Amino acid sequence: MKYMLLITQGEWFANGNQADRDKAMEGVVEWWGKQFASGKMVGGQQLQPPETATTVVIERGKYALLDRPLMEAKEAIGGFGILDVADIDEALAIVETMPAPDCKVEVRPILERPR
Amino acid sequence: MNVRANSQPYALLERVFREEAGRLTASLVRLLGDFDFAEELVADAVVAALERWPRDGVPERPASWLFTTARRKGLDRLRRETIYRKKLELLAALPQDPPREADDRLRLIFTCCHPVLAREAQVALTLRAVCGLTTQEIARAFLVHEHTLAKRIARAKHKLVSSGVPYRVPRPDELGSRLGEVLTVIYLVFNEGYVATTGEAPIRRDLARDAEWLASLLCRLMPDEPEPIGLLALVRLHLARWPARLDATGHLVLLEHQDRSLWDHRAISQAVALIERAATFRRPGRYQIEAMIAALHSEAPSWEATDWPQVMALYSVLARIDSSPVVALSRAIACRYVDGPAAALADVDGLSDQLREYHLFHATRAALLRELGRFDEAAREDALALALTRNTGERALLEERLADRGRS
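Chains as they are written, first to last, in our numbering: chain A, 1 to 115; chain B, 1 to 408.
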């Protein structure tokens with residue numbers, strides 16, 4: 001099964017000091033490398049900071065642009081990943097090893113339609 | 001099908017449901033590979049049995065009756081809904097008789113208590129799928145609208161299915177935390193029955209009995225784990241003291257004032273034997289410790305003659321496993337009888353930040369302040385406690401205390 005990981009930008013990343021951030025980032029980058037190498041992480045990217053986001057609102061066929069991200073600042077998405085594993089237990093076990101000092105990760109099953 | 005004459009007492013029906021409905025759900029989930037579908041089939045069969053059995057008697061082989069009915073109901077349903085061709089094939093491939101060789105209920109229990117579900121969903125689903133309670137019975141027990149409860153269960157089943165929760169017993173490395181989830185669910189069911197948090201009847205015995213049954217089932221299915229034995233002993237010790245918990249007018253009687261001759265002393269010694277059996281594993285845990293504390297109370301000839309130093313020592317051990325302020329509060333209550341009310345009050349006061357919304361915190365403070373002769377402060381604490389509980393029995397007790405003071 002495939003799971004989408006929606007990862008918030010942790011406090012450590014948004015507001016931590018440079019030295020701590022660099023040190024934590026090293027661990028996080030290594031973790032991602034390991035997950036891609038195992039073949040279980042089949043996609044994923046880090047995103048530019050939330051203040052670079054543009055939100056498109058579509059209503060009755062018309063659209064408007066908002067100069068901000070969809071989520072509130074404290075839950076702003078910092079990156080995403082796609083896991084391809086046997087079941088939710090395996091997905092959660094992997095996510096729980098992520099070495100970020102703080103963040104939230106939404107683990108959502110991807111709806112797979114028969115082709 | 002052969003049917004025994006005359007209707008059977010409801011207790012028998014209940015026992016058969018608990019054993020057979022859960023067992024049937026558990027094997028159908030495995031055979032069909034579809035939690036949601038299996039659970040609906042059994043629910044249909046249970047409803048049919050509830051209509052038929054009180055009228056016609058319990059069938060000689062209740063498991064076969066439920067299995068055949070579930071199968072037939074499923075076929076009827078699927079024939080009407082032609083889009084479910086694959087499910088129909090699965091169902092048609094089922095054997096004629098229920099499989100008896102394997103007991104799949106352990107997988108069912110762990111699946112219903114999977115950590116991806118919120119606690120209230122785990123509780124509702126366990127009662128429905130493992131204990132075979134109907135949606136209506138669960139809704140009544142928790143005083144929620146049946147519609148709300150049905151939605152809660154439907155959402156939980158949908159989540160289990162769509163998020164890829166595996167139907168299995170956790171591996172040894174996961175077992176500790178996963179077993180903890182199951183024990184918490186059973187303990188919550190028990191507590192809901194023992195001290196109902198809402199509603200008119202202060203004690204709901206049926207849920208407490210369901211919890212006892214679940215704990216004993218878990219002990220049978222996991223004979224090598226001491227914590228389920230600890231939980232079973234804890235539940236049985238509370239049940240043994242049950243007859244003394246309400247007075248003639250239906251008011252809750254605190255442990256301190258209970259008539260101990262009303263306790264079931266045979267049940268108490270049996271529960272103590274369970275604790276001793278659990279202890280032979282040499283793997284203590286929170287439920288074993290709580291059971292030991294309950295045993296000290298149950299075996300004491302009076303409140304005053306309780307082995308308080310030992311109670312306090314056990315709470316200290318428990319506090320190392322569970323840092324919750326409620327445990328610290330219990331330890332402080334024991335401290336009252338070891339080091340006196342002033343020392344206990346100091347401990348209790350240290351918890352005010354964490355427990356200011358908890359009625360027993362204020363009730364405990366009130367009792368200690370009263371002992372220290374600080375009556376005005378005690379009355380204020382009683383009023384705060386009263387404002388914070390919805391349980392009718394506890395309310396009555398607190399109201400009485402405030403009224404007594406008014407009279408004196």
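For each residue, glycine too, the CB sits at the ideal point set by N, CA and C. For clarity, every value in this text was computed on a predicted model and none was experimentally measured.
Legend entry - B/LEU24 vs B/ALA45 beta-carbon contact at 9 Å: Yes, they are a contact pair.
Legend entry - Spatial distance of A/ALA73 from A/GLN9 (CA atoms): Going from the Cα of A/ALA73 to the Cα of A/GLN9 covers about 9 Å.
Inset, instruction - Could you tell me which of B/ALA387, B/ASP382, B/ASN391 sits nearest to B/ALA403, measuring between CA atoms? - result: Closest option to B/ALA403, Cα to Cα, is B/ASP382.
Inset, instruction - Examine the Cβ distances between the segment 123-134 of chain B and the segment 52-65 of chain A and report whether three or more of them are shorter than 8 Å. - result: Taking a contact to require three or more Cβ pairs closer than 8 Å, the segment 123-134 of chain B and the segment 52-65 of chain A do not qualify as touching.
Inset, instruction - Kindly provide the ranges of any alpha helix (DSSP H) runs that are 4 or more residues long and lie completely inside the segment 132-163 of chain B, ordered along the chain. - result: Within the segment 132-163 of chain B, the complete alpha helix (DSSP H) runs of at least 4 residues are 135-141, 146-162.
Legend entry - Cβ-Cβ distance between A/TRP32 and A/GLY16 below 9 Å: The Cβ atoms of A/TRP32 and A/GLY16 do not sit closer than 9 Å to each other.
Inset, instruction - Mark A/VAL42 as exposed unless 16 or more other C-beta atoms lie within 10 angstroms of its C-beta, in which case mark it buried. - result: Exposed, because fewer than 16 other Cβ atoms sit within 10 Å of the Cβ of A/VAL42.
Inset, instruction - Helix, strand or coil for A/ARG108, going by three-state DSSP, please let me know. - result: If DSSP states are grouped into helix, strand and coil, A/ARG108 belongs with the strands.
Inset, instruction - Could you check the C-alpha separation between A/ALA91 and B/LEU149 for me, to the nearest Å? - result: When only Cα atoms are considered, A/ALA91 and B/LEU149 end up about 29 Å apart.
Legend entry - Proximal chain B residues relative to A/MET25, where beta-carbon distance stays under 7 Å: Going along chain B, no residue has its Cβ under 7 Å from A/MET25, so there is no contact; the nearest lies around 29 Å.
Inset, instruction - For A/MET1, return the contacting residues in chain B, with the cut-off set at a CB-CB distance below 9 Å. - result: Correct list: SER163, GLY164.
Legend entry - Buried or exposed (CB count within 10 angstroms, at least 16 for buried), B/ARG390: Taking a 10 Å sphere around the C-beta of B/ARG390, we find fewer than 16 other C-beta atoms and assign the residue as exposed.
Legend entry - 9 Å Cβ cutoff, A/ILE58 in contact with chain B: So no, A/ILE58 is outside the interface.
Inset, instruction - Taking 9 Å as the cut-off, decide whether the C-beta atoms of B/SER298 and B/ALA319 are in contact. - result: Not closer than 9 Å, so no.
Inset, instruction - Please list, in chain order, all residues of the same chain as B/LEU75 whose beta carbon is under 7 Å from its beta carbon, the five residues on each side excluded. - result: Scanning its chain for C-beta atoms nearer than 7 Å, with the 5 sequence neighbours on each side dropped, one finds around B/LEU75 the residues LEU91, in chain order.
Legend entry - For B/GLN354, the three-state DSSP class (helix, strand or coil): Shown here, B/GLN354 sits in a helix according to DSSP, grouped into three states.
Legend entry - DSSP beta-bridge partners of A/PRO50: Among the bridge pairs identified by DSSP, A/PRO50 is matched with none.
Inset, instruction - Output yes if chain B places a C-beta closer than 9 Å to the C-beta of A/LEU92; else output no. - result: It does; some Cβ of chain B falls within 9 Å.
Inset, instruction - Determine the direct distance from the alpha carbon of B/ALA366 to that of B/LYS157, and round the result to whole angstroms. - result: If I take the Cα positions, the gap works out to 45 Å.
Inset, instruction - Report the neighbours of A/ILE110 on chain B: residues whose CB is nearer than 9 Å to its CB, in chain order. - result: For A/ILE110, there are no C-beta contacts with chain B under 9 Å, since the nearest C-beta of that chain is about 10 Å from it.
Inset, instruction - Could you tell me the boundaries of the alpha helix (DSSP H) in which B/ALA45 lies? - result: Residue range 35-56 is occupied by the alpha helix (DSSP H) that includes B/ALA45.
Inset, instruction - Alpha carbon to alpha carbon, how far is B/SER261 from B/GLY164? Give it in angstroms, no decimals. - result: B/GLY164 and B/SER261 have their C-alpha atoms roughly 53 Å apart.
Legend entry - For B/PRO172, the residue or residues it bridges with in DSSP: B/PRO172 is not bridged to any residue.
Legend entry - Paired residues, beta bridge with A/LYS62 - DSSP: Paired residues: A/GLU59.
Inset, instruction - Could you name the residues that DSSP lists as bridge partners for A/ILE7? - result: In DSSP, A/ILE7 forms a bridge with A/GLY79, A/VAL105.
Inset, instruction - Say whether chain A places a C-beta atom closer than 9 Å to the C-beta of B/GLU174. - result: True, the Cβ-Cβ gap to chain A drops below 9 Å.
Legend entry - Closer than 7 Å at the beta carbon, the chain B residues around A/ILE88: Correct list: VAL116, SER163, GLY164, VAL165.
Inset, instruction - Taking A/TRP32 as part of the alpha helix (DSSP H), name the residues at either end of that continuous run. - result: Per DSSP, A/TRP32 belongs to the alpha helix (DSSP H) from 18-38.
Inset, instruction - Please check the pair B/ILE186 and B/ALA211, which I expect to be a contact at CB under 8 Å, by giving their CB distance rounded to whole angstroms. - result: Contact flag correct, Cβ pair sits at about 5 Å.
Inset, instruction - Evaluate the contact criterion for the segment 297-314 of chain B versus the segment 279-286 of chain B: three or more CB pairs, one atom per stretch, below 8 Å. - result: No, the segment 297-314 of chain B does not touch the segment 279-286 of chain B.
Legend entry - Environment of B/HIS147 [buried if 16+ CB atoms lie within 10 Å]: Counting Cβ neighbours within 10 Å, B/HIS147 comes out exposed, since fewer than 16 surround it.
Inset, instruction - Using 10 angstroms around the beta-carbon of B/PRO348, count the other beta-carbons present and answer buried if the total reaches 16, otherwise exposed. - result: Note that residue 348 of chain B is Val in the sequence shown here, rather than Pro. It counts as buried.
Inset, instruction - Note down, one range per segment and in chain order, each alpha helix (DSSP H) of at least 4 residues found wholly within the segment 211-287 of chain B. - result: Considered as a whole, the segment 211-287 of chain B harbours 226-240, 265-279 as its complete alpha helix (DSSP H) runs of no fewer than 4 residues, in chain order.
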